[in-house]
Amino acid sequence: MPAQPNPDSIHSQLDDSLSHMKQAFGFSTDLICRELILGRKPGCRMALLYIDGLAQVSDLLQSLLSLLTNTGFAEGAAKEDALQTVKRTLIPEGDVRELERYEETTDALTNGSAVLLLDGSAAALSIGVAQTEKRGVEEPSTQSVIRGPREGFTETLRVNTALVRRKVRNSRLRLESGRAGQVTRTDLAIMYIEGIADPAVVQEVRDRLNDIRIDGILESGYVEEMIQDSTRSPFPTVYNTERPDSVAAALLEGRVAIFVDGTPFVLLVPALFMQFFQAPEDYYQRADFATLLRLLRFLSFFIALLAPSLYIAVTTFHQELIPTSLLISLAGQREGVPFPAFVEALLMEITFEILREAGVRMPKTIGQSVSIVGTLVIGEAAVNAGLVSPAMVIIVSITAISNFVMPAFSMGISIRMIRLVMMGLAASFGLLGIIVGLLALLLHLCSLRSFGTSYMTPFAPLLMSNIKDTLLRIPWSGMLTRPKPAAGKGRNGGQPNRKKGGSSS
Amino acid sequence: MSRTVCLSARQIGVIVLLYSIGTTILIIPSGLASDVKQDAWLAALAGVVLNLAFVWYYLRLSRRFGGATLIGYFRKSLGRWIGGVFALLFLLFSFLGASQVIYYIGDFSITHILPNTPMPAIHILFVSIIAMGLWLGLEPLARAAELMFPFVLLMLFLLTVALLPQVQLVNLLPVLESPPPRFVKASLTLIATATLPLAVLLMVFPVHITGDPKKGERMFLLGALIGSIVFFLISFLSITVLGARATAVYLYPSYILARMINIGDFLKRVETILALIWYITVYVKASFYFYGFVAGLTELLGLKSTRTLILPGCILLVLYSLVVYPDQAYSQLYDTTAYVPFAFFSAVVLPLFAWLVDWIREKLRRSSPPPPAPESARRSGAS
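This is the structure we're talking about:
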């Protein structure tokens, strides 16, 4: 074999390869090169490279140094075998790989591995000693429950996959890893259960992840936007969660989870409209109560979507719908208000959105002043100033509260956007405008797909066997089959497992 | 035209149902009552039977299509040019039908819901969501219909139950007072409004239906049956609650029916909410009428996608729906006189003639053993 067929392969002279590595990193100060000499007599020169802060090398060094004087080594072994000997006898770590090209070594270093270069050997060893700062497993802040597991994902991919593995103890749980982001080289992983997940969906996920062309991925939101079916829809077609139990449940329903390193938010596909109304807690509580909660969420969905527009339509066009006594009192309230109902509603909605945005971005210590100011602008003071009517204040408040009932934040965002359109339609066409708006919304929802599954499944197309976990949440004893579109055929063989996983872990 | 669009048997059933009651329940009680007074409900009952008979005719006809739409079948059996003329006549029927439906929803809206809004604004709004539906394609449209169906059914149920206390059977007396010719005419008017437009659905059925064709036919028939029960029920309620005279006087008696709802002074004035039924059903009817026009014209002109014609078609539709009826009196007169023979000619006679020619050709082909080769070549060129 010719000595240097490829400029990228590692030099066999230690000095050459060391300088190459240093140049590759532009003499960055956090690249540490520790040179060692192994054995007596001529000895075997080697260098340990790692990036300070990413790799934890003290154990490795200790082990290497304590064996430096190993007499069985160096004297007997030929130089070609040195690498193998080092690999087999000297390194205490589990994850050791042989590398032949510089590209691989730089990769390994940026991943937090240590790289061992040996004089006289055209290969290097990467030793998995990555040690990053980890946040502990804490309670998720976005999807909290009263009853249910308190653990949430962290920013570390490996911790997250382990959290799910601990819930689904089955060798059929598959994990595939990859990279995306041409500059950041972020780790991605997809997880699914062989035999439950639809292979076509899994393949589709792989393909779409492979198609990602972007410089950097810093959060799973990047991935979500790159792989979703329709970018122009206000509705989310990818579900995200911070909860390992949600992911485990979704895997059992045949979905595919996408983990992205550096964020606690894991993506789940395919995501259906119904899924955004389901909270993990539904499955930990009594079925009848969970069903009532679901219905309440649907009601809240419509209130959050339509309350201001219905108010506008009714007070502007259809006064006959209001009982006379209420009509008189409403008219009395609106007497001093200078704006038409639409402008009034728009003002209040925008004020509320401003308050909400401020509340999210503001340092926590100033939070209190926001709430004081908030009660002034959306409340008694605004009414006393004659800017809005008291009824409008109530409408905006109930709309805002209803919006927070949505278990999935991403669906709440869609509602906020569509609400404004509905208000415009109601202001121009009254109830007809609202009906037309709802028809258009329905058509749009029916045209959406998430990874090949119709967004409105199981309502349209109707799948009777899947209705059991939509508006209703029937007791576990009644859930005999897996959800159809995503799952394999047949009865739910894993149902008892799921029952345990749902209520005890 | 792509053959990949697939609707399920259930979806076609739902579409047939909503399609046959759209506009029918809005205007038909009035037309029936002005013809046969308190016997309107009997005319509607006769309409149920006639409805099913004609649906059976359409289903038998559709079995001969062999993977073609109605437009394709015209050209297949009558040849490129004569079939083309037939197809154009049929397209005229669907275009006129669509604009009549749009006129009705506009007129209904400015009569009862939005008295001060100009009619063109309502037409443009309504046609724009029809355009949206067609743009998205048949499948989302069918799924949306499937989703709306339970709400329509629920509201119809509420309407019926809430009106039961006000039913006065004495309004039905005397029974069978009207002379038979008027009775027949009333039934035919009903059929022309409710059943014959189903011919336009032959642009969708059975080409775009998946699964067992028998099941599709069963659901088609079931949808038509439930639809006819609904319009019978509405006619019956109109006569018994409002009385024959009032039913005939109002243009949209079923809306007045909803206005009559009053349960303990608590549940009342819900007609605007129940108007949702009419908007949904009319939307489905107008969409599929117009789909028939757009898809048929696309096929006739050999265009690749129906989308090309949606925008120009919709502009035409808005304009024509504004002039199709000059006023309400004209619309009532036209619907009970000129429209009936026109509908029978377009939706019964034209397909029947094509069927006849097809049947005779097949007989001739059977009697002369060698199959004419240019026949099939021309057919493939035409379709």
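Chains as they are written, first to last, in the working numbering: chain A, 1023 to 1527; chain B, 281 to 663. Idealized CB from N, CA, C, for every residue including glycine.
Residue 1273 (chain A): buried (16+ other C-beta within 10 angstroms of its C-beta) or exposed?
buried
Suppose you measure from the CA of residue 1399 (chain A) to the CA of residue 1254 (chain A); what does that come to, to the nearest Å?
34 Å
According to the Cβ coordinates, are residue 1411 (chain A) and residue 1366 (chain A) closer than 9 Å?
yes
Is residue 1494 (chain A) helix, strand or coil when you go by DSSP?
coil
Going by the DSSP bridge assignment, what does residue 986 (chain A) pair with across the sheet?
With chain A covering 1023 to 1527 only, the question about residue 986 (chain A) has no answer from this structure.
Three-way DSSP call (helix, strand, coil) for residue 299 (chain B) in this model
helix
Closer than 9 Å between beta carbons: that is the criterion. Which residues of the stretch 1338-1350 of chain A meet it against chain B?
1339, 1340, 1342, 1343, 1344 and 1345
Listed in chain order, which residues of the stretch 488-501 of chain B have Cβ atoms closer than 9 Å to some Cβ of chain A?
none
Residues of chain A with CB closer than 7 Å to the CB of residue 333 (chain B), please, in chain order.
Simply none; closest approach about 30 Å.
Across the stretch 1237-1254 of chain A and the stretch 1273-1283 of chain A, are there enough close Cβ pairs to call them in contact, namely three or more that are closer than 8 Å?
yes
Per DSSP, what kind of secondary structure is residue 286 (chain B) in: helix, strand or coil?
coil
Residue 1072 (chain A), enclosing beta strand (DSSP E) - first and last residue
1066-1073
Between residue 397 (chain B) and chain A, is the shortest Cβ-Cβ distance under 9 Å, so that the two count as touching?
yes
As assigned by DSSP and simplified to three states, the class of residue 1054 (chain A)
strand
Could you spell out where the beta strand (DSSP E) holding residue 1125 (chain A) opens and where it closes?
Where residue 1125 (chain A) is concerned, there is no enclosing beta strand (DSSP E), although the alpha helix (DSSP H) it sits in stretches over 1124-1132.
Considering only residues of the stretch 542-607 of chain B, which uninterrupted alpha helix (DSSP H) runs meet the minimum length of 4 residues and lie entirely inside it, listed in chain order?
551-581 and 587-603
Quick one, are the C-beta atoms of residue 378 (chain B) and residue 566 (chain B) less than 9 Å apart?
yes
Going by DSSP, what residue range makes up the alpha helix (DSSP H) through residue 1186 (chain A)?
1179-1189
Below 6 Å CB to CB, which residues in the same chain sit around residue 1098 (chain A) once its five sequence neighbours on both sides are set aside?
Residue confidence is low: residue 1098 (chain A) scores 48 on pLDDT, short of 50, so the model does not pin down where it sits. Its coordinate-derived value is still stated next. Same-chain partners within the cutoff: there are none.
Who does residue 1202 (chain A) pair with in a DSSP beta bridge?
A:1208
Under the assumption that residue 1427 (chain A) contacts residue 1322 (chain A) (Cβ atoms under 8 Å), give the Cβ distance between them as a whole number of angstroms.
4 Å
Reference residue 470 (chain B); option with closest CA among B:589, B:612 and B:351:
B:612
9 Å Cβ cutoff, residue 534 (chain B) in contact with chain A:
no
With a CB to CB cut of under 6 Å and the five nearest residues on each side skipped, what residues in its chain are close to residue 1195 (chain A)?
1215
Does the distance from the CB of residue 1302 (chain A) to the CB of residue 1435 (chain A) come in under 9 Å?
no
On the CB-based measure, 16 or more other CB atoms within 10 Å of its CB, does residue 1384 (chain A) come out buried or exposed?
exposed
Continuous beta strand (DSSP E) stretch holding residue 1280 (chain A): start and end:
1278-1282
Using the C-alpha atoms, what's the distance from residue 1375 (chain A) back to residue 1153 (chain A)?
42 Å
Interface residues of chain A around residue 552 (chain B) at Cβ under 7 Å?
1340, 1343 and 1453
Does the Cβ of residue 486 (chain B) have 16 or more other Cβ atoms within 10 Å, making it buried, or fewer, making it exposed?
buried
Taking 9 Å as the threshold (beta carbon to beta carbon), is residue 295 (chain B) in contact with chain A?
no
I believe residue 623 (chain B) touches residue 481 (chain B) by the beta-carbon criterion, under 8 Å. Please report the beta-carbon distance rounded to the nearest angstrom.
Not quite, the Cβ-Cβ distance comes to about 14 Å (not below 8 Å), so this is no contact.
Work out the CA separation of residue 508 (chain B) and residue 514 (chain B) for me, nearest whole Å.
10 Å
Whose CA, out of A:1132, A:1104 and A:1110, lies closest to the CA of residue 1141 (chain A)?
A:1104
Kindly indicate which three-state DSSP category residue 1213 (chain A) falls into: helix, strand or coil?
strand
Would you mind giving the Cβ-Cβ distance between residue 1485 (chain A) and residue 1259 (chain A), rounded to the nearest angstrom? I have them listed as a contact below 8 Å.
Not confirmed; about 18 Å, so no contact.
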